[in-house]
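Under the working numbering, the first residue of the sequence shown is numbered 177, with each subsequent residue one higher. Even for Gly, the Cβ is constructed at its ideal location relative to N, Cα and C. Predicted, not measured: the structure shown is a model, and the values here were computed from it. Heads up: the structure comes next, in structure tokens.
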Amino acid sequence: MKKNRKQEIWSWAKTIVFCLLLFIICRQFLFVPIAVDGKSMMPTLENNNRILVSKITNIDRFDIVVFHSPVSSDYYIKRVIGLAGDKMEVKDDSLYVNGKKYDEPYLKTNKEMLRTDDNLTADLKETVPQGYLYVMGDNRLKSSDSREFGFISQEDVVGVAAVRFYPFNRMEIIND
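Structure follows, in structure tokens:
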């Protein structure tokens, strides 16, 4: 009887250690949960949303990324507008990257709240240096982003937003 009990305890201990190791490996190298703090990504992501961030995904233009803030000890979450080497321009609230005009459908809700003669994004021209990204929040009027603190180093990126898992009624895959 004692032998069976020891075997059962040993079996449970191995299972628990395996699960803990698997969790640590996943969190360290694959995914990390992040809580959205603030309104800079509204309406795409709202304050207190919970997301999983993939640490192994390549970064593409318009992906939502989490990175170490260049101005505080916080994490920031913003949308990638310009990749390394891009020549980007915002003119009359329209985005041009390398001379090509891009539609930004995630701005539609915020644009609808403006008066007809206002813009969400002031005109700008930037060339993104190698090893850096240009990021902006979807809520352009209330976002501290590359327009304020400049380019972010690709090395400061934690990962790409993959899944919103809370609130449960708004669960979805992000950046698909």
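Are the beta-carbon atoms of residue i and residue j separated by less than 7 Å?
i	j	result
V334	S322	no
T297	V266	yes
Y342	S329	no
N351	I240	yes
I253	V242	yes
S319	S216	yes
L221	V212	yes
V229	A337	yes
N225	G214	no
P246	F344	no
V208	R237	no
Y278	L271	yes
D332	H244	yes
Per the DSSP calculation, residue i is bridged to which residue(s)?
i	result
S230	F207 and V336
S270	K267
M312	R255
I185	DSSP lists no partner for I185.
I349	V339
S362	A question about residue 362 goes unanswered here, because the residues of the chain that appear run from 177 up to 352.
Grab me the residues of residue i's own chain with a C-beta within less than 8 Å of its C-beta, minus the 5 sequence neighbours each way, in chain order.
i	result
N286	M218, P219, L296, D314, N315, R316 and L317
L206	S230, K231 and I232
E348	V339 and R340
A260	V304, P305, Q306, G307, Y308, L309 and Q330
Using three-state DSSP, classify residue i as helix, strand or coil.
i	result
F341	strand
E280	coil
K318	helix
K301	strand
E324	helix
V212	coil
E222	coil
T285	helix
N180	helix
L296	coil
L198	helix
Please return the same chain residues whose Cβ sits closer than 7 Å to the Cβ of residue i, not counting the five positions on each side in sequence.
i	result
N274	D262 and K263
D269	N295, L296 and T297
E302	G258, M264 and Y310
Going along the chain, which residues of its own chain have a beta-carbon closer than 6 Å to the beta-carbon of residue i, five neighbours each way excluded?
i	result
G258	M264, V304 and Y310
K182	none
From the beta carbon of residue i, is the nearest beta carbon of chain C less than 7 Å away?
i	result
N234	No chain C is present in this structure, which holds just one protein chain.
Item to check | alpha helix (DSSP H) runs wholly inside the stretch 235-263, at least 4 long, in chain order | outcome: Complete alpha helix (DSSP H) runs here, min 4: none at all.
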